[in-house]
Amino acid sequence: MNDSGATSSFLLDETAVFDVLPGVKPAEHPKWMHVTHLREGRYSLILTAGEHLRSSELQVFADTTLHVRFSAALPSISSDGLTCSVVFFDDQAQAEFQLGAFHVGGGYTASEWRTVDLDLAWLAGKRGRLLVACGPGAKNDPTADWLAIADLCIAREWEMKALLAKTHQPMRMKNEIAHFSSVYRNEFYANVQERQSETAMGVARAVRRLNGPVQAQGPGAPADMVILEPFEGEAAYAYATRLLRANVPQMPPDFQARLRRKVTDHGAIKVLSICSGAARIEAGWSAAVPEGVEWSLLDINEDLLQIAAKQFPPGIHLDLIVADANNLVPTGEQWDVIICVSALHHLVELEKVMRFISRSLKNDGEFWSVGEAVGRNGNRLWPDAIIAADAAFSSLPARYRLNADTQVVDAVIPDKDHSIGCFEGIRSEEITALLERWLKPVDVYRTNCFLWRMVNLAYSGNFNLEQAEDRALVIELVRAELEHFRNGGLGTELFGVYKKKHLFSDGASDR
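In this text, residue positions in the sequence shown follow the UniProt record's numbering: the first is 1, and each later residue adds one.
Structure (structure tokens):
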């Protein structure tokens, strides 16, 4: 096998670099075949008992995962079945690490493929090869023990789905072209097409290939930026956030102006804040719009509700509700606006919350999501973002990487799962999809892929914006964020306005 050094991924198909040992003789069995006796037929690599696949050389990272889809290649194999074993062979240590051994039963015909997904973080830092072997069952009977491997991919987490989609790409493209050429000749479409052709008196025309790519700004090119000066006494986090917003061609919703406009349009409105806590944001809006709003604050913590109450003047209508947002049910009471300020990512029963919001808004009401954490679960960064973030963060001089929480200089950004011991980011990844299942987006602003992690409370105090060097470093961190965002990075911070998608006739919505 001629491979060109260790890579982060291996994808099994006919173009992959791999060996089957001992060598397959075509007369004994096909190397590849369509396995059709299962519910879904798949083109698969075939191994017989005693053979194993050996991949090209791989480098394992902390986010490397393995995906394999396999089955018996024949409808009937030996009565004792076969085994599919997966091993990582460390080239340097000349040692094997068993990843799994899976028995495929004999004596019956399975209708579904088996899939296995394995986390290889425990092998991080190692270089070696993946070995997948077919062996006989417990009685050592190899008769008709053919193993079919339909999918085999080892890759970093962020690469996996895209790589699997490329399996057997030439074959799939050929099938795709043939399929649609056939479909659009079916009378379901053809009759309309023929009428339009006759009317247009159209003729066949020449076709051309698309021109080569223009020299566009790539991931390595510096991002163009608008540079702003920091305000007096401005913290690094606030300055970086303001600078980022100045360079994104969209602004977050102006909730305060929206609140004022609703009061103007309706005369008086009711607003509910879910998981309000001490209601710092809500109290600020109330001070800016002191008339025409009846406030309801809902939180599980009565102590925080009392802190909130003291921030509202006695003349403001204030309704304090002690409740666990995880157990909300529609009561028939309705509000013009329901707010949640950076709290959905602490909730487990998101479906209940969405149902409550949907049924508790007036028909022309709005839900406002303010500064919600919609990144990876546990407040971790997405895999591609952590790579870009670490590149920017690790380039900072050591004194800017001093972690205020641990008093340790961090080499890279700590990317720990903060949901392990509490509910921080417990279901963050699902929030945006659930919002769009229950509500209609009106104005959604989503940015900040990783910038916040480099200038949050752990590091913000390391920067003195009165110093030119410190200002320049913050600007470069924002530039790194912009480069990533402009190349498809996914924001982790959401500011959004949503309206009702569903209208109900059970008394839970106004008529």
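Glycine included, C-beta positions come from ideal geometry on N, C-alpha and C. Source: prediction; values computed, not measured.
DSSP state of residue i mapped onto helix, strand, coil
{"i": "H67", "result": "strand"}
{"i": "E232", "result": "coil"}
{"i": "G365", "result": "strand"}
{"i": "E493", "result": "strand"}
{"i": "L11", "result": "strand"}
{"i": "K166", "result": "coil"}
{"i": "S44", "result": "strand"}
{"i": "R511", "result": "For R511, the predicted structure reports a pLDDT of 37, less than 50, and the residue's modelled location is therefore unreliable. A value from the coordinates is still provided. It is coil, neither helix nor strand."}
{"i": "V17", "result": "coil"}
{"i": "W158", "result": "coil"}
{"i": "A385", "result": "helix"}
{"i": "I149", "result": "strand"}
{"i": "V374", "result": "coil"}
{"i": "I274", "result": "strand"}
{"i": "A72", "result": "strand"}
{"i": "N403", "result": "coil"}
{"i": "H52", "result": "strand"}
{"i": "I380", "result": "Sequence inspection shows Arg at residue 380; the Ile mentioned does not correspond to that position. Of the three classes helix, strand and coil, the one that applies to R380 here is strand, per DSSP."}
{"i": "T241", "result": "helix"}
{"i": "N326", "result": "helix"}
{"i": "L347", "result": "coil"}
{"i": "D210", "result": "The residue asked about is misnamed: residue 210 is Leu in this sequence, not Asp. Correct three-state label for L210: coil."}
{"i": "K262", "result": "helix"}
{"i": "F255", "result": "helix"}
{"i": "M171", "result": "helix"}
{"i": "S181", "result": "helix"}
{"i": "S394", "result": "helix"}
{"i": "V248", "result": "coil"}
{"i": "V478", "result": "helix"}
Limits of the beta strand (DSSP E) - the one that residue i falls within
{"i": "V116", "result": "R114 to D119"}
{"i": "Y189", "result": "No beta strand (DSSP E) holds Y189; the alpha helix (DSSP H) holding it covers E187 to A200."}
{"i": "I321", "result": "L318 to V322"}
Beta bridge counterpart(s) of residue i as assigned by DSSP
{"i": "Q59", "result": "R127"}
{"i": "S85", "result": "A101 and A133"}
{"i": "V293", "result": "I269"}
{"i": "E483", "result": "Answer by DSSP bridge pairing: none, since E483 is not bridged."}
{"i": "Y498", "result": "F367 and P441"}
{"i": "V35", "result": "R42"}
{"i": "E96", "result": "F89"}
{"i": "L298", "result": "I274 and I321"}
Inter-residue CB distance, residue i and residue j (contact presumed, cutoff 8 angstroms)
{"i": "L381", "j": "R453", "result": "7 angstroms"}
{"i": "K499", "j": "E366", "result": "6 angstroms"}
{"i": "T65", "j": "D13", "result": "About 18 angstroms separates the two Cβ atoms, so there is no contact after all."}
{"i": "G375", "j": "S342", "result": "G375 to S342, Cβ: 12 angstroms. No contact."}
{"i": "L297", "j": "S273", "result": "5 angstroms"}
{"i": "A283", "j": "Q311", "result": "4 angstroms"}
{"i": "A72", "j": "S44", "result": "About 11 angstroms; that fails the 8 angstroms criterion."}
{"i": "R54", "j": "F18", "result": "6 angstroms"}
{"i": "V370", "j": "I281", "result": "6 angstroms"}
{"i": "L451", "j": "F463", "result": "Not really, about 13 angstroms apart at Cβ, beyond 8 angstroms."}
{"i": "L477", "j": "A240", "result": "6 angstroms"}
{"i": "A385", "j": "H484", "result": "7 angstroms"}
{"i": "C84", "j": "F102", "result": "5 angstroms"}
Range covered by the alpha helix (DSSP H) that runs through residue i
{"i": "F504", "result": "That residue, F504, is in no alpha helix (DSSP H); it is neither H nor E in DSSP."}
{"i": "G284", "result": "R280 to A288"}
{"i": "I307", "result": "E302 to A309"}
{"i": "F341", "result": "A small correction: the amino acid at residue 341 is Val; Phe does not occupy that position in the sequence shown. Premise fails: V341 lies in the beta strand (DSSP E), W335 to V341, not in any alpha helix (DSSP H)."}
{"i": "V353", "result": "L350 to S360"}
CB contact check: residue i to chain D, cutoff 9 angstroms
{"i": "G5", "result": "This model lacks chain D altogether; it includes just one protein chain."}
Taking only runs that begin and end inside the region 408–475, name each unbroken alpha helix (DSSP H) of 4 or more residues, in chain order.
Within the region 408–475, the alpha helix (DSSP H) runs of at least 4 residues that lie entirely inside it are, in chain order, 431–438 and 451–454.
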